[in-house]
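Taking it in order: structure first as C-alpha cells, then the write-up.
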Amino acid sequence: MSDTAPPGTQTLARGLAVIRAVANGATDLRALVDHTGLGRSTVHRLVQLLVSEGYLRSGRDGYTLGPSLIELGFQALHGSPLPVVARPMLEELAEQLRDTVHLAVRDGDSVLYLDKLPGSRGAEMRSRIGHRMPLTRTGVGMALLLDSAPEWRELYLAETPAEPGRVRPEDVDAFLARMREYAESGVAMDLEDNEPGIRCVAAPIRDATGAIAGAISVSATRPYMPAARMRGLNRVVGRAARQVSAGLGHREP
Numbered sequence: 042m043s044d045t046a047p048p049g050t051q052t053l054a055r056g057l058a059v060i061r062a063v064a065n066g067a068t069d070l071r072a073l074v075d076h077t078g079l080g081r082s083t084v085h086r087l088v089q090l091l092v093s094e095g096y097l098r099s100g101r102d103g104y105t106l107g108p109s110l111i112e113l114g115f116q117a118l119h120g121s122p123l124p125v126v127a128r129p130m131l132e133e134l135a136e137q138l139r140d141t142v143h144l145a146v147r148d149g150d151s152v153l154y155l156d157k158l159p160g161s162r163g164a165e166m167r168s169r170i171g172h173r174m175p176l177t178r179t180g181v182g183m184a185l186l187l188d189s190a191p192e193w194r195e196l197y198l199a200e201t202p203a204e205p206g207r208v209r210p211e212d213v214d215a216f217l218a219r220m221r222e223y224a225e226s227g228v229a230m231d232l233e234d235n236e237p238g239i240r241c242v243a244a245p246i247r248d249a250t251g252a253i254a255g256a257i258s259v260s261a262t263r264p265y266m267p268a269a270r271m272r273g274l275n276r277v278v279g280r281a282a283r284q285v286s287a288g289l290g291h292r293e294p
C-alpha cells in the first residue's frame, strides 16, 4: 500500500489496496494481509464492507472482483470516445481478415486493452479486455510508443526479462533500430516478442491534437502471418487507424 495517501484518506487508500490485491490474485484473508501489509482485523473489516457494497464477491473460490467494479469499468470504458469510434472499424477488420483485432491505450508504463474481437482461426491469445501487457513486447505497445523515442531504451530495459545488468547491448540496439523503422513507416510489428507463435501488425490512432491516443492491431498465429502477409497488412492496418483517427478529429497534414 502507498505511504503517500493525503491526510484523511487513509481508510480509502487501504480499501483500494485490498481491491488491487484481489485483482492481482489474492483470494483469501491471509493473502490479502500479505499483499497489503495491513493487520488481519483491518483487512477483515474492509473486505466485509467491500463485499456488502458489491466491490468484491465472496464465493467458493475465495474473493474476486465484484459487480460494482464491472459496472464502473464499463461506464469508464464507454465514457471515452475511442472505443465507440473504433468499434465499427474493428468489426470491419475482424470480418475482412478473420484474425484477432485489438484496441489498446497506454496506461502508465503498460498497454491496457480496451477491446478485442477474437479471430475465427488459429489459437486463442491470452490478451483480454482490461488486461495489461508490456509496451515494448507487443505490437500495440510499440505503436503507442512511436512518438516517444526518448523512452524507448529505458522501457525496453525495464521490460526485458533478464538479470539486472545482463541485457546484451546488441539486443538493445536491435530494438532501437526496429523502433526507428516503425516510427518512419507509422506501423509496428510484434514478431513473436510477447507470445511464441503469435505475430501482429499494429498502428497508432491519433486525436485532434495529433497525439497518439491509442492503437489497433491485427494478430494471428505464425502460419497465418508469414512475413509477406505482414508487409501487406501494413497498409490495411495503417488505413484503418487513420480512419479511426479521423473519427476523433485528427486531420492528416
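When we follow my numbering, the leftmost residue of the sequence shown carries the number 42, and every step to the right adds one.
Don't be surprised by glycine CBs; every beta carbon is placed ideally from N, CA and C.
Item                                                                                                                                                              : Value
At which residue ranges does the region 118-177 contain complete beta strand (DSSP E) runs of 3 or more residues, listed in the order of the chain?               : 141-148, 151-158 and 173-175
So does the region 216-223 actually touch the region 147-167, counting three or more Cβ pairs closer than 8 Å?                                                    : no
From the DSSP output, in three-state form, read off residue 96 for me.                                                                                            : coil
So, under 8 Å CB-CB, residue 141 and residue 158 are touching, yes? Tell me the CB distance rounded to an integer number of Å.                                    : 7 Å
In terms of alpha-carbon separation, which member of 293, 294, 284 and 213 lies closest to residue 131?                                                           : 284
Using CA atoms only, rank isn't needed, just tell me which of 66, 81 and 280 is closest to residue 244.                                                           : 280
Going by beta carbon distance, what residues of the same chain come within less than 8 Å of residue 63, once the five residues before and after it are set aside? : 73, 97, 104, 105 and 106
Could you check which residue in 80, 94, 146 and 267 has the C-alpha nearest to that of residue 254?                                                              : 146
Excluding the 5 residues flanking residue 87 on each side, which residues of the same chain have their C-beta closer than 7 Å to its C-beta?                      : 55, 56 and 59
Run through DSSP, which three-state label would residue 183 get?                                                                                                  : helix
Taking residue 247 and residue 189 to be in contact with their CB atoms under 8 Å, please state how far apart those CB atoms are, rounded to whole angstroms.     : Contact flag wrong, Cβ pair sits at about 14 Å.
Buried or exposed, going by whether 16 or more other CB atoms sit within 10 Å of the CB of residue 143?                                                           : buried
Residue 276: which of 89, 199 and 227 sits nearest, CA to CA?                                                                                                     : 227
Can you give me the start and stop residues for the beta strand (DSSP E) that residue 194 sits inside?                                                            : Where residue 194 is concerned, there is no enclosing beta strand (DSSP E), although the alpha helix (DSSP H) it sits in stretches over 190-200.
On the three-state DSSP scale, how would you describe residue 230?                                                                                                : strand
Relative to the alpha-carbon of residue 134, which residue among 208, 81 and 242 has its alpha-carbon at the smallest distance?                                   : 242
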